[in-house]
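*Asks:* Heads up: the sequence shown begins at 2 in our numbering, then just goes up one per residue.
In this text, a Cβ means the ideal position worked out from N, Cα and C, and glycines have one as well.
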Amino acid sequence: MAMFGLSEFGLQPIELQRGSHLHRFVVKVCDAITVCVDNLDNSAVVDKLLYDLGCSHYRYGAKEEYFEAIQHGVLHSLELRLGPQFDDKAKSAWTAVLILISQKMIEAMRQQKADKQLGGGHNEEEEKTDNSGEGGSGGQEEARRETDA
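Pasting the structure below:
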């Protein structure tokens with residue numbers, strides 16, 4: 002996790018120590034990517050996971066521009082870890098996966114925003130009773146259960 006590629010954003014390695022808020026975030030990003038890659042042949046699982054994650058990201062105020070920074074961090078991390086094995090073909094494939102993930106989550110965020118503007122969407126009580134855990138990882142757990150079944 003320490004090589005997530007965030008040092009160029011001014012973050013020190015100490016900030017990625019196990020148990021830190023940033024470390025937990027990186028683990029969740031990696032878990033979501035893993036579920037997506039493991040289910041590339043099951044679009045229903047991937048779509049539900051990314052929709053749920055997009056909705057939770059909307060609720061806690063994530064901005065669309067954050068996704069590009071995360072993509073960059075993941076690609077940089079892969080390049081550092083894999084070295085010459087992370088060739089143009091691998092980079093292109095990973096970039097496509099990360100763009101798909103970002104697009105699906107951003108679509109869900111935009112849908113939530115539109116629903117809220119129209120007076121629909123989630124209400125505060127639903128948000129308070131959301132059992133997805135910190136950062137909305139419930140969709141990941143549900144996707145894992147579906148793939149384990």
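Please state whether DSSP places Phe87 in a helix, a strand or coil.
*Replies:* Phe87 falls in the coil class under three-state DSSP.
*Asks:* Rounding to the nearest angstrom, what Cα-Cα distance links Gln86 and Asp116 in this structure?
*Replies:* Cα to Cα, Gln86 sits roughly 44 Å from Asp116.
*Asks:* Are the C-beta atoms of Cys31 and some chain C residue less than 7 Å apart?
*Replies:* The structure shown has no chain C; it contains just one protein chain.
*Asks:* Have a look at Gln118, Met106 and Leu119 and flag the residue whose alpha-carbon is nearest the alpha-carbon of Glu65.
*Replies:* Ranking Gln118, Met106 and Leu119 by Cα distance to Glu65 puts Met106 first.
*Asks:* Val46: buried (16+ other C-beta within 10 angstroms of its C-beta) or exposed?
*Replies:* Burial call: buried.
*Asks:* Answer yes or no: do Ser44 and Phe68 have a C-beta to C-beta separation smaller than 7 Å?
*Replies:* For Ser44 and Phe68, no; Cβs fall outside 7 Å.
*Asks:* Can you tell which of Ala63, Lys92, Thr35 and Val30 has its C-alpha closest to the C-alpha of Glu108?
*Replies:* Checked all of Ala63, Lys92, Thr35 and Val30; the closest Cα to Glu108 is Ala63.
*Asks:* Taking the alpha-carbon of Ala33 as reference, which of Val75, Arg60 and Ser93 has the nearest alpha-carbon?
*Replies:* Ranking the options by Cα distance to Ala33, first place goes to Val75.
*Asks:* Residues in the same chain with beta-carbon distance under 6 Å from Gly55, minus the five sequence neighbours each way, listed in chain order, please.
*Replies:* Result list for Gly55: Met106, Ala109 and Met110, in chain order.
*Asks:* Could you please give the first and the last residue of the uninterrupted alpha helix (DSSP H) stretch that includes Ala189?
*Replies:* Outside the displayed span of the chain (2 to 150) sits residue 189, for which this structure offers no information.
*Asks:* Could you check if Asp88 is buried or exposed, using at least 16 other CB atoms within 10 Å of its CB as the buried criterion?
*Replies:* The residue is exposed, with fewer than 16 neighbouring Cβ atoms inside 10 Å.
*Asks:* Is the beta carbon of Gln118 less than 7 Å from the beta carbon of Leu99?
*Replies:* Taking 7 Å as the Cβ cut-off, Gln118 and Leu99 do not qualify as a contacting pair.
*Asks:* Have a look at Asp39 and Gly120 and give me their C-alpha separation to the nearest angstrom.
*Replies:* Their Cα atoms are separated by approximately 36 Å.
*Asks:* Helix or strand or just coil, what does DSSP make of Glu69?
*Replies:* DSSP places Glu69 in helix when its eight states are reduced to three.
*Asks:* Quick check: the Cα distance between Arg25 and Leu81, rounded to an integer number of angstroms?
*Replies:* If you take the alpha carbons of Arg25 and Leu81, they lie about 20 Å apart.
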